[in-house]
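Here our numbering is used: the first residue of the sequence shown is 418, the next is one more, and so on. To keep things clear, I will list the structure first and then write my remarks on it.
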Amino acid sequence: MKLVGTLTSPFVRKVRIVLVEKRIDYEFEIDIPWNEGTQVGRLNPLGKVPVLVLDDGEALFDSRVIVEYLDTLTPVARLIPDIARAKLQVKRLEALSDGICDAAALAVMEKRRPLEKQSEDWIARQQKKVAHGLQLLALELGEKNWFVGESFSLADIAAGCALGYLDLRFPETQWREDYPNLAKLGEKLLKRTGFADTIPQEITPPPKQTRLS
Ligand SMILES: N[C@@H](CCC(=O)N[C@@H](CS)C(=O)NCC(=O)O)C(=O)O
Numbered sequence: 418m419k420l421v422g423t424l425t426s427p428f429v430r431k432v433r434i435v436l437v438e439k440r441i442d443y444e445f446e447i448d449i450p451w452n453e454g455t456q457v458g459r460l461n462p463l464g465k466v467p468v469l470v471l472d473d474g475e476a477l478f479d480s481r482v483i484v485e486y487l488d489t490l491t492p493v494a495r496l497i498p499d500i501a502r503a504k505l506q507v508k509r510l511e512a513l514s515d516g517i518c519d520a521a522a523l524a525v526m527e528k529r530r531p532l533e534k535q536s537e538d539w540i541a542r543q544q545k546k547v548a549h550g551l552q553l554l555a556l557e558l559g560e561k562n563w564f565v566g567e568s569f570s571l572a573d574i575a576a577g578c579a580l581g582y583l584d585l586r587f588p589e590t591q592w593r594e595d596y597p598n599l600a601k602l603g604e605k606l607l608k609r610t611g612f613a614d615t616i617p618q619e620i621t622p623p624p625k626q627t628r629l630s
C-alpha cells in the first residue's frame, strides 16, 4: 500500500505513526497538495492528504477512515478498543485533536494571505478553538498515563500529533507551561519510534518515492 502525503501534515503524521505502531510496511509518496502538478486531486476529490492507496488501487481518505482501517489489518498493537464505550472515548479525543489541527491550519493559512486581506477576527476565532481544545485535552488526560483506559491508543497518537503541529506552526504557544500533564505525555510519546521519526519539519522533500517500513 502507498501513503500519499506531506512531511508537515498532522493528519499524515497520525497515519504514519499508526503504520509504525502496527508494523505495517508501506511506501510513502510525498505530494504537497498546494503545489502545481500535485496528483492528490486525482486520488481524493477533496484535494487533501493523507490518502492511502490500497494494492487494488482503491484510494482511502480521510485520516480517521484510514487509521480505523489500518487497525483492523493486524491484531498487533490494537489502537482502537473493541468495547463500544472505550472506542467512543478514543474517537472523540481523536476528533478533538484533529479539530485543534484544523483550526490551527486555518489560522496559518489566513496569516499567509496578503496583510490587507487577512481577518484578525477569523484568526482570533481559530486561535480560540485551539486554546479551548487544548484546555479540554489537558482536562481529559488529568493525571492518567494515557487518555483512555490503561493503555496507549489512537487518542494518544492524535493528541501527540496536534501538540507537535502546534510546535511547528505556533512555537509561541505555551502548551508545555500551561499544561504540564500534556508536556509529560509529549515527552513520553517522543520516546516511541513512530513519533521520533516523524517530527514535522519544513524541509526540502526527499525524492518522490521513498521506501519506508
Ligand atoms: N479531515 C482530514 C483533514 C486533511 C487535511 O486538512 N489535510 C491538509 C494538510 S494538513 C490538506 O491536504 N490540505 C489541502 C487543502 O485543503 O487543499 C483528514 O483527517 O485527513
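We treat Cβ as the ideally placed atom computed from N, Cα and C, and that holds for glycine. Since we're looking at a predicted model, the values are computed, not measured.
With DSSP run on the structure shown, which of helix, strand or coil describes residue i?
{"i": "Ala613", "result": "helix"}
{"i": "Phe445", "result": "strand"}
{"i": "Ala521", "result": "helix"}
{"i": "Leu420", "result": "strand"}
{"i": "Ser514", "result": "helix"}
{"i": "Gly674", "result": "In the structure displayed, the chain extends from 418 to 630; residue 674 sits before or after that span and is not available."}
{"i": "Trp451", "result": "coil"}
{"i": "Glu485", "result": "helix"}
{"i": "Gln544", "result": "helix"}
{"i": "Gly550", "result": "helix"}
{"i": "Val619", "result": "It should be pointed out that residue 619 corresponds to Glu in this sequence rather than to Val. DSSP places Glu619 in coil when its eight states are reduced to three."}
{"i": "Ala503", "result": "helix"}
{"i": "Leu532", "result": "helix"}
{"i": "Glu527", "result": "helix"}
{"i": "Glu589", "result": "coil"}
{"i": "Glu594", "result": "helix"}
Among the residues of its own chain, which have a CB less than 6 Å from the CB of residue i, if the five just before and after it don't count?
{"i": "Lys601", "result": "none"}
{"i": "Trp563", "result": "Phe569 and Asp573"}
{"i": "Ala520", "result": "Gln543, Lys546 and Val547"}
{"i": "Val468", "result": "Val421, Leu460, Asn461, Ala476 and Phe478"}
{"i": "Glu527", "result": "Gln535, Trp539 and Ile540"}
{"i": "Val525", "result": "Arg586"}
{"i": "Asp614", "result": "none"}
Bridge partners of residue i, per DSSP?
{"i": "Val470", "result": "Lys419 and Ala476"}
With residue i as the anchor, note down where its alpha helix (DSSP H) starts and where it stops.
{"i": "Asn562", "result": "Per DSSP, Asn562 belongs to no alpha helix (DSSP H) and is neither H nor E."}
{"i": "Phe410", "result": "The chain is shown only over 418 to 630; residue 410 falls outside these bounds and no answer can be derived."}
{"i": "Arg495", "result": "Premise fails: Arg495 is in no alpha helix (DSSP H) and is neither H nor E."}
{"i": "Asn598", "result": "Pro597 to Leu606"}
{"i": "Ile574", "result": "Leu571 to Arg586"}
Can you list, in chain order, the residues of its chain whose CB lies under 7 Å from that of residue i, leaving out five sequence neighbours each side?
{"i": "Ile449", "result": "Thr423 and Thr455"}
{"i": "Val470", "result": "Met418, Lys419, Val421, Leu460 and Ala476"}
{"i": "Ile616", "result": "Gly581"}
{"i": "Glu511", "result": "Arg481, Leu571, Ala572 and Ala575"}
{"i": "Tyr486", "result": "Leu477"}
Can you name, in chain order, every residue of its own chain whose Cβ lies under 8 Å from the Cβ of residue i, other than the five neighbours on each side?
{"i": "Ile500", "result": "none"}
{"i": "Gly550", "result": "Leu513, Ser514, Gly516, Ile517, Ala520 and Ala579"}
{"i": "Val429", "result": "Leu420, Gly422, Thr423, Val466, Pro467 and Ser480"}
{"i": "Gly559", "result": "Asn598"}
Flag residue i as yes if its beta-carbon sits less than 8 Å from any beta-carbon of chain C, otherwise no.
{"i": "Ile449", "result": "Protein chains in the displayed structure number just one, and chain C is not present."}
Could you please go through the chain and list the residues whose beta-carbon is closer than 5 Å to any non-hydrogen atom of ligand 1? Ser426, Phe428, Pro450, Gly464, Lys465, Val466, Asp479 and Ser480
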